[in-house]
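Peer 1: I'd like to ask some things about the structure below.
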Amino acid sequence: MSLRAVAYVSTAVAGLSTADLDHLLVDARAHNQVAGVTGVLLFDGQRFFQYFEGPEEGVARAYERIRNSHMHVDLRELHNDVVQTLHFSQWHMGCSHTEGSVLQQLSTQQWQREAEFLQDELEQAGASPALQELLAFWGQQNP
Ligand SMILES: Cc1cc2nc3c(=O)[nH]c(=O)nc-3n(C[C@H](O)[C@H](O)[C@H](O)COP(=O)(O)O)c2cc1C
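Just so you know, the numbering used here puts the end of the sequence shown at 146, numbered straight through with nothing missing.
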């Protein structure tokens, strides 16, 4: 079974409330559970960063829902490629409030390197530098 992972950043629509975010997550987790999709969503109050992974079909379904959501705009894809390993298999969508600087750092060109890394190292199941940074951040939040 082929696995895929997608990472993107987007901008939340103005006036998004905590209740909206809670609703989004409940909805997303229910769909992800069925689709076998896992990952993390980071939010700094204005922008989202999301990394999600799973079987091709499930990821495609989740991505379509994400792209169609009215809760954010300006979605910019950072990474979209086949992967060998699921890194967030315990999280049908973990979520964390983050500093803007963390989100900014994760959304820089490092994910471009991720794509190159994956092409070069497709045989390896190891995490790229960009993914390692995300995993390290997530590990700190959830020791
Ligand atoms: C930042 C963000 C992340 C989302 N993540 C997921 C997800 O992981 N899986 C999923 O099925 N839907 C996801 N969605 C879709 C939301 O669950 C859905 O948009 C929300 O429940 C409200 O729907 P609406 O914006 O179309 O009215 C996401 C939406 C946004 C804005």
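Note that the Cβ used here is the ideal one computed from N, Cα and C, for glycine as well.
Here the structure is a predicted model, which is why all the values come from computation and not from measurement.
(1) Do Gly61 and Gly39 have their CB atoms nearer than 8 Å?
(2) Is it buried or exposed, Arg50, if we count other Cβ atoms within 10 angstroms and call 16 or more buried?
(3) With a CB to CB cut of under 7 Å and the five nearest residues on each side skipped, what residues in its chain are close to Asp77?
(4) Measuring only the C-alpha atoms, how far is Glu126 from Val86?
(5) Let's test the definition: count the other Cβ atoms within 10 Å of the Cβ of His100 and tell me whether it reaches 16, buried, or not, exposed.
(6) Classify Pro58 as helix, strand or coil using the three-state DSSP reduction.
(7) Keeping to the same chain, check which residues put their C-beta closer than 7 Å to that of Met74; ignore five residues upstream and five downstream.
(8) If you run the structure through DSSP and keep just helix, strand and coil, what is Ser104?
(9) Restricting to runs no shorter than 3 residues, where is the beta strand (DSSP E) found entirely within the region 34-98?
(10) Thinking just about the alpha-carbon of each residue, which of Pro146, Val105, His90 and Asp84 is nearest to the one in Ala8?
(11) Counting C-beta neighbours from all protein chains within 10 Å, is the total for Glu59 16 or more, i.e. buried, or is it exposed?
(12) May I ask you to report which of helix, strand or coil DSSP gives Ala17?
(13) Does the beta-carbon distance from His95 to Glu56 come in below 8 Å?
(14) The alpha helix (DSSP H) with Ala133 in it runs from where to where?
Peer 2: Based on what the coordinates show:
(1) yes
(2) buried
(3) Result list for Asp77: Ser13 and Thr14, in chain order.
(4) Model confidence at Glu126 stands at a pLDDT of 45, short of 50, so the residue's coordinates are unreliable; what they give is reported in the following sentence. Going by the C-alpha atoms only, they are around 10 Å apart.
(5) exposed
(6) strand
(7) Ala15, Val16, Leu19, Asp23 and Leu27
(8) Looking at Ser104 - three-state DSSP - the assignment turns out to be helix.
(9) With a minimum length of 3 residues, the continuous beta strand (DSSP E) runs that stay inside the region 34-98 are 41-46, 50-58 and 75-86.
(10) Asp84
(11) When all chains shown are included, Glu59 counts as exposed.
(12) Residue state, collapsed to three classes: coil.
(13) no
(14) Pro132 to Gln144
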